[in-house]
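Following: one structure in structure tokens, then a few remarks.
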Amino acid sequence: MQIFRTPFDQSMTSTSEKLRTAETERNRLRRDKAIEHRLAIERAMIFGKPYQDPNEARNTTGGVLHFIQDQKFTSNSTFDEDVFEDFCEKLFTHGSDKKLLICSHKVGAAINKFAKENIETRSGEETYGLRLKQYKSFHGDLFIVPSRTLERAYQGLVLGLDMKNLKYRPLSTRDTTLKTNIQPNDADGWRDEYMTEAGLELRLPKAHAWMNIDMSDWTVDA
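Shown next as structure tokens:
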């Protein structure tokens, strides 16, 4: 389990200033910091490594890549539909026949370009609470999720995940909560904080797979 904390505050002087918008600064910060908090959790669920610091009583949770590091797919060929199908073959060797594919927008656009005839977007139908593009391979179905977390140095990272063997696990009563007015009694202002204590449960590592596409010489065969 890892504790995620995103505090934010404002002085009473700032609170008393007139704004050009009807929205208060506190409400704006709550909205923006909620996104920041969720992004911090997402990064840990992907890249995190389990660690315990006994001196500071601080724990960090293991992410997907920590648990499936031996499930890397490699290819010396240009990223095209054949390479992608080979990746799907490795991914669907174990586990369920419906899985999630998390990738950058750039990789998602490439997949859409060379495999558009095999991609469906079902109007009005949701999977995992989202409207997702579904790629039908010979080996199984993939639901494609573009993530802004996978940018810059990580834009070539592609994660194939079996959601039946993967769960977000918040500690009882410690899922994301907004704590208000946590400032000291003598503080001239307010302080709020988003807090979460959670970890990742990943079973059957062979049901998942990942690859890292070399983006330095990026080419896509249509």
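Numbering of the sequence shown is given in my numbering, commencing with residue 399 and proceeding in unit increments. All residues carry an ideal CB built from backbone N, CA and C; glycine is no exception.
- For the pair V462 and L602, the CB atoms are not nearer than the 8 Å cut-off.
- Counting C-beta pairs closer than 8 Å gives fewer than three between the stretch 546 to 562 and the stretch 584 to 591, which falls short of the contact rule.
- Using a C-beta cut-off of 8 Å, the stretch 487 to 497 makes contact with the stretch 561 to 579, since at least three inter-stretch Cβ pairs fall below that distance.
- By the neighbour-count criterion, in which 16 or more other beta carbons inside 10 Å mark a residue as buried, Q469 falls on the buried side.
- Counting only the Cα atoms, D451 lies some 48 Å from K514.
- One thing to note: P568 has its Cβ no nearer than 8 Å to the Cβ of A551.
- For P405, DSSP records a beta bridge to E591.
- In the DSSP secondary-structure assignment, I500 is bridged to V543, L557.
- In the three-state reduction of the DSSP assignment, A420 falls in the coil class.
- Remark: C-beta atoms of G538 and C501 do not approach each other more closely than 8 Å.
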